[in-house]
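Participant:
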Amino acid sequence: MDTDTVTSKGTRNNKGAHETNLRDWIAANAEKHPNKVFIQSIDQKKAITFSQFKSVCDQMANYLQSKGIGPNDRVAMLSNNSIEHLCVYIGSMAYGVTVCTIHVEMNAVYFEQILNALQPKLTLFEDSEDRIDSATLRIKTPGDWIKLGTWQPESSTGFYGEIEKYPASPVEPISHWEDDASIYYTSGTASAPKGCIVSFRELIENTPPTAEGLALTENDRILEFRAFNWISAQVLSGLSPLSKGATIILARKFSQSQYFEWIKEHKVTIGVCNPTGLAMFLNRPIDIHHDSIPHLRFMTSSSAPLLPETWKQFEEKYGVPVAQGYGCSEIGWIAVSNEFTRKFGTVGKPLAYHKLTIVDGDGVGVPPGEIGEIELGGFNNNAYRYLDENGNENIHAVDRLRTGDLGVMHEDGCIQVTGRAKDLIIRGGVNISPAEVDNILLQIPSVAEAATIGVPDRIYGEEVVCYVAPKPNLSLVPKDIFEHCSDKLPEFRMPKQIIVQAELPKTERGKMNRLLLQEEWQKEFGST
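FYI, in this note's numbering the residues of the sequence shown are 2 to 529.
1) Tell me which residues share the same chain as GLN438 and place their Cβ nearer than 6 Å to its Cβ, disregarding the 5 neighbours each side in the sequence.
2) By the three-class DSSP mapping on this structure, what secondary structure does ARG285 have?
3) Using 10 angstroms around the beta-carbon of ARG285, count the other beta-carbons present and answer buried if the total reaches 16, otherwise exposed.
4) In angstroms, rounded to a whole number, what distance separates the CA positions of THR208 and ARG510?
5) How would you label ARG132, buried or exposed, when you count the other beta carbons within 10 angstroms and need 16 or more for buried?
6) On the three-pair Cβ rule with 8 Å, is the region 332-351 touching the region 409-424?
7) Helix, strand or coil: which one does DSSP assign to TRP152?
8) If you draw a straight line from the C-alpha of PRO471 to the C-alpha of SER244, how long is it?
9) Could you tell me the boundaries of the beta strand (DSSP E) in which CYS101 lies?
10) Is the beta carbon of LEU123 closer than 9 Å to that of LYS166?
11) Only counting the same chain, and skipping five residues up and downstream in sequence, which positions put a Cβ closer than 8 Å to that of LEU407?
12) Considering just the uninterrupted stretch of the beta strand (DSSP E) at GLN417, what are its terminal residues?
13) Going straight from the alpha carbon of GLU412 to that of LEU357, what length do you get?
14) Would you kindly work out how many angstroms separate the C-alpha atoms of HIS355 and LEU215, rounded to a whole number?
15) Could you tell me which whole beta strand (DSSP E) segments of length 3 or greater appear in the region 40-100?
16) Bridge partners for PRO471 per DSSP, in chain order?
17) What are the partner residues of ARG386, as DSSP defines its beta bridges?
18) Which partner residues does ASN432 have in the DSSP bridge list?
19) Can you list, in chain order, the stretches of the beta strand (DSSP E) that have 3 or more residues and sit fully within the region 173-246?
20) Kindly list the residues whose CB is nearer than 6 Å to the CB of ILE205, restricted to its own chain and excluding five residues on each side of it in sequence; keep chain order.
21) Let me confirm a value: ASN395 is counted as buried when at least 16 other C-beta atoms fall within 10 Å, else exposed. Which label applies?
22) Between the region 79-97 and the region 42-59, do three or more beta carbon pairs fall short of 8 Å?
23) Between ILE198 and ARG222, is the Cβ-Cβ spacing less than 9 Å?
24) Any idea if VAL110 is buried or exposed, counting beta-carbon neighbours within 10 angstroms, 16 or more meaning buried?
25) Do PHE160 and LYS141 come within 9 Å of each other at the CB atom, strictly closer than that value?
26) The beta strand (DSSP E) spanning GLY346 covers which residue range?
27) Please name the residue or residues paired with HIS19 in a DSSP beta bridge.
28) DSSP beta-bridge partners for GLN498?
29) Do LEU308 and GLY272 have their C-beta atoms closer together than 9 Å?
30) Straight-line CA distance for MET300 to VAL337?
31) DSSP three-state call for ALA479: helix, strand or coil?
32) Please report the straight-line C-alpha distance between ASN440 and GLY405, rounded to a whole angstrom.
33) Quick check on this structure: which residue in GLU492, TRP152 and VAL466 has the alpha carbon closest to the alpha carbon of TRP522?
34) Run through DSSP, which three-state label would ILE294 get?
35) Go ahead and pull the three-state DSSP assignment for THR142.
36) Grouping DSSP H, G and I as helix and E and B as strand, with all else coil, what is LYS33?
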């Protein structure tokens with residue numbers, strides 16, 4: 002039941018039991034293996050152990066307590082992947098305040114608007130980041146501003162230099178189950194970014210099933226390059242390893258040339274990736290095979306549906322198992338699998354507590370094998386909330402959430418995500434999935450990328466247009482592509498137009514930017 006109800010701004014009442022899971026995980030790891038590395042930062046060339054991490058979190062809690070920062074008070078972060086960033090993300094929530102992560106590159110033009118909407122008590126910023134005009138922003142936005150600084154076992158700087166003055170003694174968490182744990186921001190590609198709000202219950206309930214889906218143990222070493230400013234990385238590669246005592250191998254950004262070197266050097270067991278990264282490994286191959294990195298259990302793929310052709314080609318080339326996962330902004334992880342539970346072409350079985358169903362346009366469940374919209378809701382009376390640009394808390398849905406994703410449930414319970422409902426092409430009353438056409442195009446050996454869109458048509462309502470990009474040093478001829486499609490697709494799904502470009506646009510999260518392609522098409526061909 003989608004709503005757009007605006008609730009009052011301000012501090013929420015404490016509800017539910019005290020939240021102690023994060024604190025308990027931190028303490029248990031420090032006691033069980035104090036000298037084991039929790040986070041290894043590749044770019045910073047340093048690491049923090051579980052014992053050191055606990056000390057930092059305890060000092061942080063004492064600092065926040067001394068400043069009177071309490072439940073549902075907000076700590077904003079303008080920073081990128083680093084040990085310091087992750088320590089604040091986990092440590093501030095372990096004490097019980099609300100941590101607000103803002104992607105620096107993605108949201109730079111919206112900093113002032115976001116911070117005024119958040120009304121944080123404290124903003125921590127990365128001083129070396131050129132896009133952060135702290136001198137101007139601190140005048141125009143509320144709360145205290147402190148440089149994030151650097152953590153070292155001795156002589157830390159910035160915020161870490163401040164908390165170093167406080168004792169590393171345990172502090173009882175102040176949050177309750179229904180308090181706000183985190184606010185993280187959308188990319189704002191089509192409109193102003195909005196802040197997704199998750200409670201401690203939502204965040205913590207999502208973590209153990211995600212870790213179990215990965216079959217994660219304390220022996221695992223998970224490589225993550227995606228920004229820890231978003232729930233996907235935060236749960237999969239941050240909180241899940243914490244809950245199991247595993248090690249995080251942290252990179253600041255993706256590097257196609259270094260990725261497998263990182264896996265070799267750091268004995269990575271799970272490599273996080275996405276469809277764009279896997280496609281890059283196919284278009285610019287690396288001389289490596291699973292035989293030479295047997296410690297790598299599998300690689301993940303998420304953020305967008307992984308086309309079967311890309312999946313098949315990657316595994317044939319590298320011999321590395323790929324397990325596709327699935328999540329959404331409001332919920333976190335929905336389906337997670339590993340090298341043993343994965344099923345080709347699907348995201349595996351959904352996490353049980355989500356009570357996932359596939360529904361038609363009227364919200365009625367459809368049988369297995371039939372396409373519909375993915376709907377879920379693990380908690381009764383739960384409100385899926387976001388913060389708008391004015392700082393108002395809005396309710397997107399209550400109890401059950403329609404994700405906007407289309408999918409099919411197989412007889413065995415596995416879910417195949419077929420695309421976004423908004424991307425569906427309706428040609429003469431017939432539904433056409435862009436992903437289906439994309440997958441046919443990727444079967445052409447010289448095609449590196451493909452994106453199918455719907456464009457206005459006076460007769461059929463919409464027509465099918467395909468954008469393709471060639472692999473390096475290869476060329477594409479639209480006539481040959483049409484012939485390939487005619488052999489593979491029924492006539493009503495055939496593209497009306499094929500456009501070749503050197504490269505196709507992506508969103509900041511690596512998804513194909515179909516909206517931008519539709520705008521480009523409209524500018525060039527819309528008047529004809």
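All residues carry an ideal CB built from backbone N, CA and C; glycine is no exception.
All of these numbers come straight from a predicted model, not from anything done at the bench.
Facilitator: To lay it out plainly:
1) Per the sequence shown, residue 438 should be read as Val rather than Gln. For VAL438, where only same-chain residues beyond five positions count, the Cβ hits under 6 Å are THR453.
2) coil
3) Exposed: under 16 other Cβ atoms inside 10 Å.
4) 22 Å
5) exposed
6) yes
7) Here TRP152 carries a coil assignment [DSSP, helix/strand/coil].
8) Answer to the nearest angstrom: the Cα atoms are 43 Å apart.
9) 99-103
10) Not closer than 9 Å, so no.
11) Same-chain partners within the cutoff: ILE372, GLY373, GLU374, ILE375, VAL418, THR419, GLY420, ARG421, ALA422, LEU425 and SER434.
12) Counting along the chain, the beta strand (DSSP E) containing GLN417 begins and ends at 416-421.
13) Our two residues, GLU412 and LEU357, have alpha carbons roughly 14 Å apart in a direct line.
14) 17 Å
15) Correct list: 47-50 and 75-79.
16) VAL448, per the DSSP bridge assignment.
17) ILE198 and ILE396
18) ILE427
19) 181-186, 196-200 and 222-225
20) ASN22
21) buried
22) Output reads yes: the region 42-59 touches the region 79-97.
23) No, they are not a contact pair.
24) exposed
25) no
26) Premise fails: GLY346 is in no beta strand (DSSP E) and is neither H nor E.
27) HIS177
28) VAL466
29) no
30) 12 Å
31) Going by the sequence as given, residue 479 is Pro instead of Ala. Here PRO479 sits in helix by DSSP.
32) 21 Å
33) VAL466
34) coil
35) Reduced to three states, the DSSP call for THR142 is coil.
36) Under the three-state reduction of DSSP output, LYS33 falls in the helix class.
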